[in-house]
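When we follow UniProt numbering, the leftmost residue of the sequence shown carries the number 1, and every step to the right adds one. Where is the CB? At the ideal position from N, CA and C, for every residue including glycine. Structure first, commentary second.
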Amino acid sequence: MMLIVYTISLGTLFVASRILYRLILYPRLLSPLRSVPGPPLGHPIYGQFPEIVNGEAGIPQRGWVKKFGPVVRAVGPVGVERLIFTRPEALHKILSSDWVEYPRPKFMRDVLGFVTGYGLLTVTGNEHKQMRRVMNPAFSIPNLAAQSDMYYDAIEGPGARLVEILDSHIRTCEDPEQGTILPMYEWMSKVTLDIICETAFGYKADSLHDPRNPLADAYEKLISMQTGRPDQFV
């Protein structure tokens, strides 16, 4: 009996010490990144994660960069640290010249794999190089130029689309003096989906006019996860 009590006590002490280390000691006193400028650590368990998911995509990070400079440290759930770089030299190194040395974190690849399946967004290293090499011709300048008319059609073409919708919102504004707030993130997400579907897959999603389109509906629910509205999945 005493052995069981001792084992449970020892296990509890170990778990408590790990939690204390991970949430308090490491990010505040021991992390090699602790001197990098950044926002306060935030919630002891969730860090800055609530601010990121509840705000408009990219807005919290932009505010941190304006306040703290081109290199920012942010702490996420359970003390996970991330760095935000905005210097052109750093971005070129991470995204272009030495991109193989900076793969996406495994958890991010797992999430992307759940959404998109196995492919360019989930593989790293030589496998990623091979896939990029196969796909590069599709992104050549002539091919992209040939698609440009489709971009304009989705935005201001006949039948259209984004410009007419925005004009309609502005015309129906109750108080022209005060103006109106346009949900640009929502509309730009939809027009982007329409452009990608038509240019890459030859499929007209028309999510701007038909939000109940199955693909558009699934995409909207997916986007809601990063804009702090995961309840739409329930």
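Residues near His43 in its chain [Cβ-Cβ closer than 7 angstroms; skip 5 each side]: Within the sequence shown, numbered from 1, the residue matching residue 43 stands at position 43. Excluding sequence positions up to five before and after His43, its CB lies within less than 7 angstroms of the CB of Pro50, all in the same chain and listed in chain order.
Exposed unless 16 or more other CB atoms sit within 10 angstroms - verdict on Gln48: Here residue 48 refers to the residue found at position 48 when the sequence shown is read from its first residue. Gln48 counts as buried, since no fewer than 16 other beta carbons sit within 10 angstroms of its beta carbon.
Excluding the five sequence neighbours on either side, which residues of its own chain have a C-beta within less than 8 angstroms of the C-beta of Cys173, listed in chain order? Stepping through the sequence shown from its first residue, residue 173 is reached at position 173. Gly179, Thr180, listed in sequence order.
Give, in chain order, every unbroken run of the alpha helix (DSSP H) that is at least 4 residues long and sits entirely within the region 144-180. The qualifying runs are 162-171.
Assuming Lys190 contacts Ser207 (C-beta within less than 8 angstroms), just tell me the rounded distance between them. As a working note, residue 190 is residue 190 in the sequence shown. As a working note, residue 207 is residue 207 in the sequence shown. With a Cβ gap of about 4 angstroms, Lys190 and Ser207 count as contacting.
Tyr219, buried or exposed, once every other Cβ within 10 Å from all chains shown has been counted against 16: The residue you call residue 219 lines up with position 219 of the sequence shown. Around the CB of Tyr219, 16 or more other CB atoms lie within 10 Å, so the residue is classed as buried.
Nearest-angstrom Cα distance between Gly113 and Ala145? One-based indexing of the sequence shown puts residue 113 at position 113. One-based indexing of the sequence shown puts residue 145 at position 145. Computed Cα separation, rounded: 30 angstroms.
Quick check: the region 130-144 against the region 101-113, are there 3 or more CB pairs under 8 angstroms? The region 130-144 vs the region 101-113: no contact.
Tell me the rounded alpha-carbon separation between Ala154 and Thr199. For the purposes of this step, residue 154 is taken as residue 154 along the sequence shown, with counting starting at 1. For the purposes of this step, residue 199 is taken as residue 199 along the sequence shown, with counting starting at 1. Cα-Cα distance, rounded: 11 angstroms.
Burial state of Gln147, where buried means 16 or more other Cβ atoms lie within 10 Å: Locating residue 147 in the sequence shown gives position 147, where the first residue counts as 1. Gln147 should be labelled exposed.
Using a 10 Å radius around the Cβ and a threshold of 16 neighbouring Cβ atoms, would you call Asn213 buried or exposed? In the sequence shown, counting from the first residue as 1, residue 213 sits at position 213. The residue in question, Asn213, is buried, as its Cβ has 16 or more Cβ neighbours within 10 Å.
Hey, Val71 and Val36 are a contact pair by Cβ (cut 8 angstroms); roughly how many whole angstroms apart? In the sequence shown, counting from the first residue as 1, residue 71 sits at position 71. In the sequence shown, counting from the first residue as 1, residue 36 sits at position 36. Between Val71 and Val36, the beta carbon gap of about 6 angstroms places them in contact (Cβ cut-off 8 angstroms).
Kindly indicate which residue of Met150, Asp175, Trp187, Pro176 has the alpha-carbon position closest to the one of Glu164. Here residue 164 refers to the residue found at position 164 of the sequence shown. Between Glu164 and the set Met150, Asp175, Trp187, Pro176, the nearest pair of CA atoms involves Trp187.
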